[in-house]
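Residue numbers (UniProt numbering), protein chains in the order written: chain F, 1 to 571; chain V, 1 to 166.
We put the beta carbon where it would ideally sit given N, CA and C, even for glycine.
The structure displayed is predicted, hence computed values, not measured ones.
First the structure, in the form of structure tokens, and then the observations on it.
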Amino acid sequence: MRFLGISFVSFVLTSVVVANAYYQKKQFYPSVVYITKSNPSMAVLYIQAFIGVWILGKLMRKIFFGQLRTTEFEHLMERSWYAITETCLAFTVFRDDFTPKFVALFTLLLFLKSFHWLAEDRVDYMERSPVISWVFHVRILSLLLLLGALDMHFILHACQSTMSKGASVQLVFGFEYAVLITVVLNIGIKYALHSVDLNSETPWDNKAVFLLYTELVMGFIKVILYIAFVAIMVRIYTLPLFAFRPMYYTIRNFKKAFSDVILSRRAIHNMNTLYPDATPEELQAADNVCIICREEMVTASKKLPCNHIFHTSCLRSWFQRQQTCPTCRLNILRSPAPTAPTNNNIPAAQPQAAAAPPPNPVPNPYFNVFAAPGPNPFNQFNQANGEMPPQTPPPTPQGAAQPQAGSVPGQAPPPLILPPFPFPIPFMVPPPVPPANLGVLTDEELRQLEGNERRNIQARIQCLINIQTMLDAAVQMMQQYNVVTMHKLQPTTSSSSSNTEVPQESQTSESEAAATSSEDANREPARDKTNEPVINSMSESDVPSSTTPEEELRRRRLQRFLQAEQQQQPN
Amino acid sequence: MAGSALRRLMAEYKQLTLNPPEGIIAGPINEENFFEWEALITGPEGTCFEGGVFPAKLTFPPDYPLSPPKMQFTCDIFHPNIYSDGRVCISILHAPGDDPMGYESSAERWSPVQSVEKILLSVISMLAEPNDESGANVDAAKMWREDRNQFNEIAEKLVRKTLGIP
């Protein structure tokens with residue numbers, strides 16, 4: 001109503017000015033000259049032109065959009081205020097070129113910009129509206145074509161003008177229209193995606209991904225445009241303050257699109273690798289309704305570690321925001337999948353696996369150690385104290401436990417390494433025992449025993465090392481006996497029967513392995529030139545120990561060790 | 001196929017219309033725009049809000065149900081967890097991450113499994129048992145703690161006002 005009044009007044013004023021000029025000068029050209037010379041009349045005419053643009057805008061809006069929704073109107077108002085402020089800032093840079101034509105071009109730019117904003121809002125609305133009529137499609141398509149054509153025209157015009165006359169304010173226009181044409185492109189792609197989605201009967205899962213990538217590419221193009229523009233402006237004129245706010249927002253949006261894409265990719269990767277597809281039986285057993293979108297799950301659904309089932313696409317969009325189960329808020333990144341453990345995530349899985357034996361046998365050597373002993377209390381001990389290692393540290397820094405844990409790379413040190421039965425080292429590798437009565441020895445033998453040659457010292461050191469190893473082993477064994485008797489005292493029930501059925505063979509090999517590897521490590525200080533290559537090759541063969549059959553490896557190690565011993569003994 | 005937010009809102013609307021829970025009416029103000037709903041909540045029995053019917057507006061974000069809707073009472077209501085302009089401050093309506101009052105655990109925040117029905121039921125129980133730890137309306141929280149009688153009086157007066165009884 002107010003607008004009607006204003007336009008009416010403006011129209012009346014214009015008619016009065018024109019009539020007055022014509023009345024005074026009686027002829028066409030003198031009256032035109034009169035009007036252009038008189039400032040008040042020109043002001044009235046400018047206002048009239050502005051009103052004319054306004055009316056045109058309303059008309060176009062009616063044609064292309066019909067009634068604006070409240071939010072669209074609010075967006076329009078908000079953005080136009082910013083745009084007007086920036087235009088005023090731009091005037092300060094180009095104050096030398098300040099002419100009515102210049103103002104008219106800027107008004108036109110604003111005018112077109114507002115239509116771009118409206119088109120963007122309207123296309124976004126497509127996804128949220130229950131009814132999209134064919135009128136909507138006709139309107140959007142024709143509007144996009146018109147805007148794109150106008151943008152192209154102005155870009156070409158700016159290019160030609162810059163080429164022929166050198167840099168001028170046309171630079172700004174060319175750049176602004178280039179940005180606008182990316183907007184048109186973006187809207188067009190969105191529109192195409194939305195219409196494909198609308199016309200398909202089933203939900204289109206990948207639409208979100210396409211939208212994300214479109215956003216990313218468009219953001220990148222815009223950022224490049226802005227940076228190039230600012231660089232050119234700084235070289236030719238001065239710092240373009242008016243371009244900073246949109247540049248800031250563009251860069252921020254680009255950053256957001258970038259992180260969105262990364263998060264989305266991570267979510268997709270997690271879902272593809274960590275979670276199994278839900279089987280039809282599982283879907284039948286459950287409610288069969290995805291609680292996120294409240295629609296039936298037929299295919300493409302995933303089961304989380306907490307057994308909650310959702311649509312893949314619903315989960316993906318949720319995981320972009322949060323990595324928790326929507327139902328029980330289980331942090332899915334912290335808990336590994338129970339059914340498909342790989343070598344990499346076994347250390348993380350171990351506490352869980354120890355607390356509740358996993359359905360599948362896990363390819364972890366320590367599970368054999370856990371399972372090896374026949375007596376049951378041991379299994380219960382494992383189950384009760386799955387996370388005990390800090391409480392039972394190895395007694396000495398060079399103890400048996402530590403070197404062995406180090407010899408199998410990538411495995412967490414388990415609480416129990418040595419099985420609770422007699423240690424076979426002393427019988428298999430007898431150290432050079434000194435005779436009880438020194439009197440029976442000849443002088444020669446005594447000298448040899450006491451002698452200060454290198455090999456005698458080596459033999460003595462070897463003897464001491466062997467004693468130390470045996471003591472360590474004894475301490476370990478005592479600790480284990482302690483623990484076992486402690487648990488024997490508590491009332492226990494045998495819970496896991498499957499674990500006890502491990503063949504006897506593996507027990508012995510375990511114990512041999514424990515013994516030999518502890519000695520391997522202890523022998524290192526006494527390493528000399530002759531057996532260095534052997535040790536080197538051994539440490540090399542240690543690395544793939546997780547892949548080769550362990551018993552074979554240990555047997556080989558034992559053999560090498562015995563050979564080395566034999567080489568030393570005759571000397 | 002329409003957008004997922006729209007489909008979910010339509011499904012919830014259908015569900016609420018077919019099996020309306022007691023004391024709750026909710027639906028879009030205009031069926032052309034499913035992202036603005038109006039809800040009517042009856043005051044829980046045995047409280048100072050008993051007998052009242054409180055209109056509220058629910059505004060859904062474009063990415064619903066990944067983000068929570070906003071709820072605002074459109075009548076005068078005096079309650080520790082409702083701002084004086086009618087906005088409801090309840091943890092189920094807060095996305096994990098933003099914590100306006102600085103005390104909520106993420107377990108009670110918004111998640112896509114929540115729904116309009118659950119929100120409204122939570123609001124009803126919030127009317128019955130205000131949480132005076134998080135004062136959205138500090139005056140109301142103080143009065144609730146210190147002068148329960150006056151609080152009840154004001155609440156009942158506003159209940160009569162919503163019903164149009166002098």
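Within 8 Å, strictly: CB atoms of residue i and residue j
| i | j | result |
| --- | --- | --- |
| residue 39 of chain V | residue 29 of chain V | no |
| residue 68 of chain V | residue 110 of chain V | yes |
| residue 110 of chain F | residue 151 of chain F | no |
| residue 183 of chain F | residue 116 of chain F | yes |
| residue 75 of chain V | residue 83 of chain V | no |
| residue 294 of chain F | residue 11 of chain V | yes |
| residue 250 of chain F | residue 275 of chain F | no |
| residue 116 of chain V | residue 49 of chain V | no |
| residue 289 of chain F | residue 296 of chain F | yes |
| residue 263 of chain F | residue 320 of chain F | yes |
| residue 7 of chain F | residue 55 of chain F | yes |
| residue 41 of chain F | residue 35 of chain F | yes |
Interface flag, residue i vs chain V, CB-CB below 8 Å
| i | result |
| --- | --- |
| residue 292 of chain F | yes |
| residue 323 of chain F | no |
| residue 74 of chain F | no |
| residue 120 of chain F | no |
| residue 86 of chain F | no |
| residue 318 of chain F | yes |
| residue 327 of chain F | yes |
| residue 295 of chain F | yes |
| residue 130 of chain F | yes |
| residue 127 of chain F | yes |
Contact test: residue i Cβ vs the ligand ADP heavy atom, cutoff 7 Å
| i | result |
| --- | --- |
| residue 288 of chain F | Of the ligands one can find in the structure shown there are none, so the ligand ADP has no counterpart to examine. |
Through-space distance from residue j to residue i, alpha-carbon basis
| i | j | result |
| --- | --- | --- |
| residue 139 of chain V | residue 80 of chain V | 8 Å |
| residue 328 of chain F | residue 306 of chain F | 8 Å |
| residue 86 of chain V | residue 201 of chain F | 41 Å |
| residue 223 of chain F | residue 169 of chain F | 21 Å |
| residue 100 of chain F | residue 107 of chain F | 10 Å |
| residue 178 of chain F | residue 246 of chain F | 14 Å |
| residue 34 of chain V | residue 129 of chain F | 8 Å |
| residue 132 of chain V | residue 73 of chain V | 19 Å |
| residue 136 of chain V | residue 58 of chain V | 18 Å |
| residue 189 of chain F | residue 213 of chain F | 11 Å |
| residue 303 of chain F | residue 326 of chain F | 12 Å |
| residue 318 of chain F | residue 195 of chain F | 24 Å |
| residue 126 of chain V | residue 119 of chain V | 10 Å |
| residue 476 of chain F | residue 443 of chain F | 41 Å |
| residue 114 of chain V | residue 219 of chain F | 34 Å |
| residue 62 of chain F | residue 120 of chain F | 16 Å |
| residue 164 of chain F | residue 148 of chain F | 24 Å |
| residue 145 of chain V | residue 151 of chain V | 9 Å |
| residue 92 of chain F | residue 291 of chain F | 57 Å |
Min CB distance residue i to chain F below 8 Å
| i | result |
| --- | --- |
| residue 113 of chain V | yes |
| residue 4 of chain V | yes |
| residue 78 of chain V | no |
| residue 65 of chain V | yes |
| residue 133 of chain V | no |
| residue 56 of chain V | no |
| residue 11 of chain V | yes |
| residue 62 of chain V | yes |
| residue 8 of chain V | yes |
Three-state class that DSSP yields for residue i in the structure shown
| i | result |
| --- | --- |
| residue 26 of chain F | coil |
| residue 87 of chain V | strand |
| residue 14 of chain V | helix |
| residue 20 of chain V | coil |
| residue 288 of chain F | coil |
| residue 270 of chain F | helix |
| residue 206 of chain F | coil |
| residue 278 of chain F | coil |
| residue 452 of chain F | coil |
| residue 82 of chain V | strand |
| residue 135 of chain V | coil |
Test: residue i CB closer than 8 Å to a CB of chain B
| i | result |
| --- | --- |
| residue 299 of chain F | You won't find chain B in this structure, because its protein chains are F and V. |
Problem - Those runs of the beta strand (DSSP E) which lie wholly inside the stretch 36-71 of chain V and span at least 3 residues - result: 53-59
Exercise for the section: Write down every uninterrupted run of the alpha helix (DSSP H) in the stretch 120-203 of chain F whose length is 4 residues or greater and which is fully enclosed by it, in chain order. Expected result: 134-165, 170-199
Problem - Completely contained alpha helix (DSSP H) runs for the UniProt domain "RING-type" (290-329) of chain F, where each covers 4 or more residues - result: 312-321
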